[in-house]
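Contents: one structure, followed by commentary.
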Amino acid sequence: MTPVRRRTALFALAALAVAAAAPAHAQIKGLEIIAPANPGSGFDQTSRAVREALMEAGLASGIQVLNVPGAGGAIGLAQFVNGQNRGPGLLTIGVTTVGAILTTKPPVTLEDATPLALLLREYSVVVVPTSSDIKTLADLTAKVKANPASVTWAVGSAGGLDHVIAGQITKAVAGDASKTNAINYAGGGEQVAAILGGHVTAGIGGVPEFASQIKSGKVRALAVSSGERLADLDVPTLKEQGVDVEIGTWRGLLARKQSSDAEKQELSAAIEKMVETPAWKAALERNGWIGAYRNGEGFGAFLKEQQAMMKTALGELGLLK
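Residue numbering for the sequence shown follows my numbering, beginning at 135 and increasing consecutively.
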């Protein structure tokens, strides 16, 4: 082999080695993820877990998580749709966003963005303080049936998932969700304090929210809102105890509607790869989330179902004008 051919062959081998070492995907640069709630919230935790998993897998770089709290996610949605940033972007949403749009009727809705991916599910648990004379769900529902107004529920925001679950339990037991006596708390800490202090009859919140209190014996878990018992919490479901309610929260991602098809496809492909990464699976386990990935088409259909469900549930609570 001549020196020239030898050098050519070496260059070719070097090029092949570089190609083999390079990732098999294009890396998204300068991605912005809007978390439409305060730091530490479920939206924030999800957004930062997405950021960590995308970066660790080399699927994206320079990712910024921007917190835009207010109005159950509606303010973050408005900024996402109307903001000046036209680079690659994602918005984390959940069932709270769906409810907020139905109750506040903002000028910007979910129709102004593109469903990209459903990421996860999370279910709620009904709890009472361990000092309560309520030992079982049957004890609680007996009180609801006898006098719904006498049962106070510690829940999150008005029209949020906790409130909806309390309403659906009241409807199933007493026939009228509008009789639900819900007390709203802005933060999980205040909600937990009210329950532990015996200021309410019962409380409803996400399983991860109450996991430490259940484990330490500070609260008694009566039921979970999932269709089947959860793997890491041996508590019977509402359904298996005769209360026909099954509902949970979820979180997913939207893309900007004005983004090009190529940009949306690139984001979609990155998220599809991300949900299979060790970093994402570790985040699911760490936060007590249940992986529930669906692509844009599947998420779009799911959103329509959730909008219909929440419209009915909020109407029954008397929260829709």
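We put the beta carbon where it would ideally sit given N, CA and C, even for glycine.
Determine whether the Cβ of residue i lies closer than 8 Å to any Cβ atom of chain C.
{"i": "G361", "result": "In summary, chain C is missing from the structure at hand, where a single protein chain is found."}
If we count the other Cβ atoms within 10 Å of its Cβ and call it buried at 16 or more, is residue i buried or exposed?
{"i": "H297", "result": "buried"}
{"i": "E245", "result": "exposed"}
{"i": "G480", "result": "Given a span of 135 to 455 for the chain in the structure shown, any question on residue 480 remains unanswerable."}
{"i": "L448", "result": "buried"}
{"i": "S181", "result": "buried"}
{"i": "S393", "result": "buried"}
{"i": "D273", "result": "exposed"}
{"i": "F433", "result": "buried"}
{"i": "P263", "result": "buried"}
{"i": "K455", "result": "exposed"}
{"i": "Q440", "result": "buried"}
{"i": "Q347", "result": "buried"}
{"i": "S195", "result": "exposed"}
{"i": "Q325", "result": "buried"}
{"i": "G301", "result": "buried"}
{"i": "S265", "result": "exposed"}
Pull up the DSSP beta-bridge partners for residue i, would you.
{"i": "W423", "result": "Beta-bridge pairing links W423 to no other residue."}
{"i": "A316", "result": "W287"}
{"i": "I162", "result": "A194"}
{"i": "A205", "result": "DSSP output for A205 lists no bridge partner at all."}
{"i": "I507", "result": "Since the first and last residues shown for the chain are 135 and 455, residue 507 lies out of range."}
{"i": "R428", "result": "L252"}
{"i": "L367", "result": "L364"}
{"i": "A355", "result": "V261"}
Please confirm whether residue i and residue j have their CB atoms less than 8 Å apart.
{"i": "G210", "j": "P170", "result": "yes"}
{"i": "G207", "j": "S291", "result": "no"}
{"i": "P282", "j": "T304", "result": "yes"}
{"i": "L451", "j": "A311", "result": "yes"}
{"i": "F344", "j": "V261", "result": "yes"}
{"i": "L250", "j": "L388", "result": "yes"}
{"i": "I162", "j": "V202", "result": "no"}
{"i": "L271", "j": "T383", "result": "no"}
{"i": "W414", "j": "G337", "result": "no"}
{"i": "G422", "j": "V341", "result": "yes"}
{"i": "A404", "j": "L193", "result": "yes"}
{"i": "R420", "j": "L254", "result": "no"}
{"i": "K352", "j": "L330", "result": "yes"}
{"i": "L367", "j": "V379", "result": "no"}
{"i": "G323", "j": "G339", "result": "no"}
{"i": "N190", "j": "T411", "result": "For the record, residue 190 in the displayed sequence is Glu; it is not Asn. Closer than 8 Å, so yes."}
{"i": "A365", "j": "A183", "result": "no"}
Using CA atoms only, rank isn't needed, just tell me which of the options is closest to residue i.
{"i": "K407", "options": "T180, A187, V260, E166", "result": "A187"}
{"i": "S258", "options": "P370, V184, A327", "result": "P370"}
{"i": "V229", "options": "L454, K455, K438", "result": "K438"}
{"i": "G233", "options": "G337, D366, I299, S284", "result": "I299"}
{"i": "Q218", "options": "E166, A404, E380", "result": "E166"}
{"i": "A306", "options": "G376, L252, T231", "result": "G376"}
{"i": "P289", "options": "A308, K269, H333, T275", "result": "It is Val, not Pro, that sits at residue 289 in the sequence shown. When each option's Cα is compared against that of V289, the closest is H333."}
{"i": "E431", "options": "Q399, R363, G323", "result": "Q399"}
{"i": "G361", "options": "L236, I381, E324", "result": "I381"}
{"i": "G309", "options": "M189, V278, D267, G339", "result": "V278"}
{"i": "L200", "options": "R255, E190, Y427, R185", "result": "R185"}
{"i": "L453", "options": "L236, S402, I317", "result": "L236"}
{"i": "Q179", "options": "G301, K445, I227, P240", "result": "I227"}
{"i": "N315", "options": "V326, E324, V285", "result": "V285"}
{"i": "K391", "options": "A183, G204, R220", "result": "R220"}
{"i": "Q268", "options": "Q213, N318, T335, A320", "result": "Checking the sequence shown, residue 268 turns out to be Ile, not Gln. When each option's Cα is compared against that of I268, the closest is T335."}
{"i": "K445", "options": "N216, V215, S175, K239", "result": "K239"}
{"i": "P241", "options": "A212, N318, L372, I197", "result": "A212"}
{"i": "A280", "options": "Q302, K313, A435", "result": "K313"}
{"i": "Q198", "options": "V409, F214, G164, L401", "result": "G164"}
{"i": "G204", "options": "S266, T275, A320, V215", "result": "A320"}
{"i": "L225", "options": "S265, S266, L401", "result": "L401"}
Query - Those runs of the beta strand (DSSP E) which lie wholly inside the stretch 222 to 289 and span at least 3 residues - result: 223 to 228, 247 to 263, 286 to 289
Report task. Write down every uninterrupted run of the alpha helix (DSSP H) in the stretch 316 to 349 whose length is 4 residues or greater and which is fully enclosed by it, in chain order. Result -> As for any alpha helix (DSSP H) of minimum length 4 sitting wholly inside the stretch 316 to 349, the runs are 322 to 330, ordered along the chain.
Query raised in the report: Where in the stretch 378 to 415 do unbroken runs of the alpha helix (DSSP H), each at least 4 residues long, occur, reported from the N-terminal end onward?
Result: 395 to 408
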